[in-house]
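Enquirer:
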Amino acid sequence: MCTCLSWKTVRAGVIAALCLLAVWTARSFAVPAETGLEDDSPFAKAESEWTDARAKELAASEDYDSYQMSHAAAREIARSERQRVDREMQRVKAAESALKAAVDAKRESELDALRAELDERWTTFRKATDQMLEDSRISTKASEEVLIGDADIQAKMALSREAEQRLLEAKAAAAEKANAPDALNARLAVKQLELLRGMEAHQWPILRGHWAAEFVDDAHQAASLAKKIEEMETDAERKKALTQFAAEQETKQAETAKVVAETQKRAAAAEPKLYALRAAAHGGLPLLPPEEWDYAKARHLLVRAGFGGTPDEVEKLHKMGLYKAVDYLVEYYRQPGANIAFDPVPPLRGDPLHARMTVRTMTDRAVSQRRAVERGQVGALRQAWLRRMVESPRPLQDKLALFWHGLFASQDSVVQNSYTLHKQIQLFREHAAGNYGAMLYGIVHDPAMLRYLDNNQNVKGQPNENLAREILELFSMGVDQGYTEKDIIEAARALTGYTYDDATGAFQYVRALHDDTEKTIFGQSGNWTGDDLVRLILERPETSAFIAKRLFEYFARQDPEPEIIGSLATVLRVNQYDLEPMLKNLFMSAEFYSPRTMGSQIKSPVELVVGMYRDLGVRQGVNYGAIDGSIQQMGMQLLEPPDVKGWRYGRAWINSQRLFSRYNATASLVRTGATAGGQTGADVFALVQKGGCQDASQVVDFLVKACLLRPLTPEKRAELVNYLGELPPAPEWEAKRAELLPRLQSLVVLMISTPEYQML
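Going by the numbering used here, the final residue of the sequence shown carries number 760, and the count climbs one at a time with no gaps.
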């Protein structure tokens with residue numbers, strides 16, 4: 001477990017933690033003079049205590065480094081001596097074998113020389129053994145000193161951290177009392193130190209366990225070698241010494257194995273506390289208490305942070321516990337990606353000679369052939385993305401890519417270049433839970449977006465404001481949030497010369513088209529480019545609040561309180577717009593699992609259909625053309641949001657016509673949208689069989705668990721049980737698959753046609 005970490009890895013973790021605190025404190029904690037914090041009276045004692053404790057910690061650290069160096073040298077020498085003894089042992093055995101062979105063959109002339117060689121081998125072997133015993137005892141002592149030094153430095157560091165926390169607490173209290181501008185940062189500095197102490201409390205047992213595990217391994221090897229030597233040895237005193245040495249090493253091994261087990265328990269106990277400490281240190285939302293984590297919340301997480309899953313998949317998350325489940329979904333890069341090949345064809349060039357044809361029909365034919373390739377490819381792109389959503393073991397990656405596609409909306413009907421749209425979706429997938437800043441830099445270089453918002457027409461002397469306006473209004477800061485019309489005009493000038501090559505679908509910066517005169521954006525003047533514009537946007541506080549709000553509304557619920565958005569925005573800023581920490585804080589928060597959030601959203605058509613297949617465990621034989629068509633019937637077409645504002649989620653998905661389409665389309669997909677093993681439709685039979693169902697009641701309960709977020713009323717449940725009717729004994733099901741499958745599919749159709757299934 002923890003003990004498999006290398007010393008370099010563990011020590012690097014401790015050093016990184018120390019550096020992190022230094023950076024945080026220097027960056028975020030600066031108390032103005034008017035608070036009176038420079039006076040000696042309130043803080044002199046606390047500062048003196050911390051200085052003294054810190055000096056003792058550094059001295060203990062130097063001793064600890066010396067112990068580590070001595071241990072490393074002694075351990076390497078002992079290991080080398082064990083290897084030398086093993087080689088000499090083999091030489092003794094070889095000499096004994098040669099002598100025996102000569103005796104058996106009665107080669108009298110060779111015996112004296114062979115006996116002399118054997119005596120020489122034994123002499124060398126015994127000298128090496130004596131040295132090995134001595135060096136092993138020295139290594140054992142060095143190991144024990146490291147463990148003693150480890151305990152000493154821990155104690156000294158704990159006292160230093162306590163003194164430092166008293167000092168920071170005093171300064172934070174004074175800043176808050178004086179209502180200083182940096183009072184929030186002062187309080188965050190306290191929380192960050194608490195996180196650092198938690199990180200150290202987690203790392204120290206791992207470090208101690210590392211040393212102890214090495215000690216156990218060395219003692220085991222030394223004892224085993226001593227026993228082998230003892231079996232060969234003929235001298236009684238030496239045999240006794242070897243037996244005693246082996247017993248010593250085995251005793252040390254057993255004692256230190258207890259240390260390893262104890263450190264593993266300590267590390268395991270300290271790890272969960274880090275999540276709450278990290279949330280507080282980043283200024284994030286309070287977390288859901290781990291003991292409140294249950295199956296329903298695990299399903300809520302999988303549906304919101306993905307598209308859903310089978311009861312087995314939900315149960316897997318439930319058993320992980322809240323923190324590990326969120327880590328598993330958000331750190332999706334640790335899972336293999338879906339093996340879904342899609343190789344787009346770059347834009348086809350027209351033959352220049354086509355323009356010289358006098359017969360218009362010939363020219364039109366050539367153009368229509370190119371358009372047919374384009375139309376086919378854009379459909380294939382939609383279907384490949386839908387397949388990835390259904391099959392991928394990284395559901396959050398594509399759920400986020402769908403979010404970014406709605407935020408940074410562009411339409412195929414305008415772009416008319418599926419190759420660049422494919423690259424845009426790949427951009428969204430690449431940075432899905434990565435860094436928002438990197439995403440925004442990518443957008444100002446994205447050919448599909450440059451074409452969609454006419455930045456190819458944005459040139460020096462004739463600025464086009466489309467991209468600049470939407471970047472500020474819709475992509476980063478929000479409407480009328482922290483900028484003026486003048487800022488939009490200046491931003492457009494910064495983006496001049498950012499264009500693309502229509503023939504290759506590649507970004508181009510044309511210097512001759514760029515306005516290289518001074519521009520003033522957000523009150524800052526300079527010869528800004530589009531990349532500078534992104535940097536200036538990321539420096540604005542409105543940006544983190546905008547992205548935090550949009551993500552919360554997408555994953556949680558509409559109309560969040562300002563305090564919620566403020567906390568998530570703080571996490572974004574503290575982490576320089578890395579999205580992963582904010583997403584983890586959101587998915588672990590009590591707010592995410594509140595009654596106001598769970599079951600409060602209406603599924604979009606993509607969430608409805610993709611979620612249905614994932615809930616039913618359908619991964620193979622899916623007709624993605626049918627899925628694409630059904631989703632379009634419900635009012636949603638990938639690569640074709642309604643406008644630059646993207647899709648309107650919530651009740652916009654539901655009206656009388658669309659609701660009818662949702663029911664009909666999902667029913668059709670259950671019955672015909674998948675084929676496998678010679679049967680048509682979703683294999684509900686296999687799902688309920690895997691669930692261990694024995695009768696109609698169990699089938700209904702299992703499918704409710706698979707498809708719905710909340711249990712049905714007793715009346716609705718009874719209706720479904722009656723609808724399914726009496727089933728044959730479970731052992732006979734397989735023989736009656738063809739008869740039972742349509743009944744089970746019809747049962748699922750009834751479930752997914754309930755209002756409850758339309759919610760997530």
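Every residue, glycine too, gets a C-beta built ideally from N, C-alpha and C.
For ASP152, which residues from the same chain have a beta carbon less than 8 angstroms from its beta carbon, with the 5 sequence-adjacent residues on both sides left out?
Expert: On the sequence shown, position 152 is the one that residue 152 refers to. The answer, listed in chain order, is ALA60, ASP63, TYR64.
Enquirer: Does the region 135-148 come close enough to the region 196-212 that 3 or more CB-CB pairs lie under 8 angstroms?
Expert: Yes: the two stretches touch, three or more of their Cβ pairs being nearer than 8 angstroms.
Enquirer: Starting from the Cα of PRO581, find the closest Cα among VAL571, ILE564, SER656 and give me that residue.
Expert: Residue mapping note: residue 581 aligns to position 581 of the sequence shown, counting from 1. For PRO581, the nearest C-alpha among the options comes from VAL571.
Enquirer: Can you check whether the CB of SER476 is closer than 9 angstroms to the CB of ILE537?
Expert: Here residue 537 corresponds to residue number 537 of the sequence shown, with the count starting at 1. Here residue 476 corresponds to residue number 476 of the sequence shown, with the count starting at 1. Contact: yes.
Enquirer: Given that a residue counts as buried once 16 or more other Cβ atoms are within 10 Å of its Cβ, and exposed if not, what is TYR323?
Expert: Along the sequence shown, read from residue 1 onward, the residue named residue 323 stands at position 323. Buried, since its Cβ has 16 or more Cβ neighbours within 10 Å.
Enquirer: I need the DSSP call for ASP767, collapsed to helix, strand or coil.
Expert: Nothing about residue 767 can be read from this structure; the chain reaches only from 1 to 760.
Enquirer: Tell me which same chain residues have a C-beta within less than 7 angstroms of the C-beta of LEU277, skipping the five on either side of it?
Expert: Here residue 277 corresponds to residue number 277 of the sequence shown, with the count starting at 1. Taken in chain order, the residues that qualify are GLU194, LEU195, GLY198.
Enquirer: Would you check if the distance between the CB atom of GLY406 and the CB atom of GLY646 is smaller than 9 angstroms?
Expert: Position 406 of the sequence shown holds residue 406. Position 646 of the sequence shown holds residue 646. Yes. Within cutoff.
Enquirer: Report the residue from LEU616, ASN655, MET759, ILE489 whose alpha carbon sits nearest the alpha carbon of SER600.
Expert: Counting from one through the sequence shown, the residue named residue 600 turns up at place 600. Of the candidates LEU616, ASN655, MET759, ILE489, the one whose C-alpha sits nearest the C-alpha of SER600 is MET759.
Enquirer: When you compare the region 722-742 with the region 690-699, are there three or more beta-carbon pairs, one atom per stretch, that lie closer than 8 angstroms?
Expert: Contact between the region 722-742 and the region 690-699 is present, because at least three Cβ pairs lie under 8 angstroms.
Enquirer: Would you check if there are 3 or more beta carbon pairs closer than 8 angstroms linking the region 489-498 to the region 541-557?
Expert: Contact between the region 489-498 and the region 541-557 is absent, because fewer than three Cβ pairs lie under 8 angstroms.
Enquirer: Would you tell me roughly how many angstroms separate the C-alpha atoms of GLN508 and LEU421, rounded to the nearest one?
Expert: By 1-based counting over the sequence shown, the position of residue 508 is 508. By 1-based counting over the sequence shown, the position of residue 421 is 421. The alpha-carbon atoms of GLN508 and LEU421 are separated by roughly 16 angstroms.
Enquirer: Is LYS56 closer than 9 angstroms to LYS156 when the C-beta atoms are compared?
Expert: Along the sequence shown, one-based indexing puts residue 156 at 156. Along the sequence shown, one-based indexing puts residue 56 at 56. Yes; because the gap between Cβ atoms is below 9 angstroms, this pair is in contact.
Enquirer: Pair every Cβ in the region 93-104 with every Cβ in the region 166-179, then say whether three or more of these pairs are closer than 8 angstroms.
Expert: With a cut-off of 8 angstroms, the region 166-179 and the region 93-104 do not count as touching, because too few Cβ pairs lie within range.
Enquirer: For ASN722, does the three-state DSSP call read helix, strand or coil?
Expert: The residue you call residue 722 lines up with position 722 of the sequence shown. It is helical.
Enquirer: Considering Cα atoms alone, identify which of TRP293, VAL216, TYR295 is closest to ALA257.
Expert: To locate residue 257, count along the sequence shown from 1; it is residue 257. If we check each option's Cα against that of ALA257, VAL216 comes out closest.
Enquirer: I'd like to know if the region 699-713 and the region 735-754 are in contact, where contact means that at least 3 CB-CB pairs between them fall below 8 angstroms.
Expert: The region 699-713 vs the region 735-754: in contact.
Enquirer: Taking all protein chains shown into account, decide if SER413 is buried (16 or more other Cβ within 10 angstroms of its Cβ) or exposed.
Expert: Residue 413 sits at position 413 when you count from the first residue of the sequence shown. The residue is exposed, with fewer than 16 neighbouring Cβ atoms inside 10 Å.
Enquirer: If you compare alpha carbons, which of ASP501, ILE471, SER604, LYS239 is closest to LYS399?
Expert: On the sequence shown, residue 399 is found 399 positions in, with the first residue counted as 1. Taking only the C-alpha atoms, the option nearest LYS399 is SER604.
Enquirer: Should THR140 and ASP52 be called a contact, given that it needs their Cβ atoms to be closer than 9 angstroms?
Expert: The residue labelled residue 140 in the question sits at position 140 within the sequence shown. The residue labelled residue 52 in the question sits at position 52 within the sequence shown. Going by C-beta atoms, THR140 is not nearer than 9 angstroms to ASP52.
Enquirer: Between ASP532, GLY497, GLU465, GLU233, which lies nearest to TYR441 when the distance is taken from Cα to Cα?
Expert: Position 441 of the sequence shown, counted from the first residue, corresponds to residue 441. Looking at the Cα atoms, ASP532 is the closest of the given residues.
Enquirer: Mind checking GLU291: buried by the 16 CB within 10 Å criterion, or exposed?
Expert: Numbered from its first residue, the sequence shown carries residue 291 at position 291. Counting Cβ neighbours within 10 Å, GLU291 comes out exposed, since fewer than 16 surround it.
Enquirer: What residues match up with VAL622 in a beta bridge as DSSP calls it?
Expert: If you number the sequence shown from 1, residue 622 lands on position 622. The partner list for VAL622 (beta bridge, DSSP) reads ALA674.
Enquirer: Could you have a look at LEU750 and say whether DSSP puts it in helix, strand or coil?
Expert: Locating residue 750 in the sequence shown gives position 750, counting from the first residue. Helix at LEU750.
Enquirer: Going by C-alpha to C-alpha distance, which of ARG382, LEU616, PRO346 sits closest to ASP501?
Expert: Position 501 of the sequence shown, counting from 1, holds the residue named residue 501. Closest by alpha carbon: PRO346.
Enquirer: Based on Cα-Cα distance, which residue from GLY309, ILE425, ALA142 lies nearest to GLU76?
Expert: As a position in the sequence shown, residue 76 is number 76, starting the count at 1. Comparing Cα positions, the closest option is ALA142.
Enquirer: How far does the beta strand (DSSP E) with TYR509 in it extend, from its first residue to its last?
Expert: Here residue 509 is taken as the residue at index 509 of the sequence shown, counted from 1. Per DSSP, TYR509 belongs to the beta strand (DSSP E) from 506-509.
Enquirer: Quick check: the Cα distance between ILE15 and LEU568, rounded to an integer number of angstroms?
Expert: Here residue 15 corresponds to residue number 15 of the sequence shown, with the count starting at 1. Here residue 568 corresponds to residue number 568 of the sequence shown, with the count starting at 1. Low per-residue confidence applies at ILE15: pLDDT is 41, beneath 50, and the placement is therefore not dependable, though the value from the model is reported in the following sentence. Each residue's Cα considered, the two are about 28 angstroms apart.
Enquirer: Distance, Cα to Cα, TYR757 vs CYS707?
Expert: The count along the sequence shown starts at 1 and reaches residue 757 at position 757. The count along the sequence shown starts at 1 and reaches residue 707 at position 707. Going from the Cα of TYR757 to the Cα of CYS707 covers about 7 angstroms.
Enquirer: Please determine, among HIS202, ASN456, THR124, the residue with the shortest C-alpha to C-alpha distance to ALA269.
Expert: For this step, residue 269 is matched to residue 269 along the sequence shown. Cα-wise, what sits closest to ALA269 is HIS202.
Enquirer: Would the region 542-549 and the region 373-391 be scored as touching if the rule is three or more Cβ pairs under 8 angstroms?
Expert: No: fewer than three Cβ pairs fall under 8 angstroms.
Enquirer: Taking C-alpha atoms, which residue in SER392, LEU687, GLN576 lies nearest to ASP312?
Expert: Translated into the one-based positions of the sequence shown, residue 312 becomes position 312. Nearest C-alpha to ASP312: LEU687.
Enquirer: How far does the alpha helix (DSSP H) with SER413 in it reach, from first residue to last?
Expert: Residue numbering aside, residue 413 sits at position 413 when the sequence shown is read from its first letter. Residues 412-415.
Enquirer: Considering only residues of the same chain and omitting the five flanking positions on each side of GLY650, which have a CB-CB separation below 8 angstroms?
Expert: As a first step, residue 650 must be located in the sequence shown, where it is residue number 650. GLN558, GLN601, ILE602, listed in sequence order.
Enquirer: Reducing DSSP to helix, strand and coil, say where GLN426 ends up.
Expert: As a first step, residue 426 is located in the sequence shown; it is residue number 426 there, counting from the start. Helix, per DSSP.
Enquirer: Since I believe ALA226 is in contact with LEU242 (beta carbons under 8 angstroms), could you give me their beta-carbon distance rounded to a whole number of angstroms?
Expert: Residue numbering aside, residue 242 sits at position 242 when the sequence shown is read from its first letter. Residue numbering aside, residue 226 sits at position 226 when the sequence shown is read from its first letter. That pair is a contact at about 5 angstroms.
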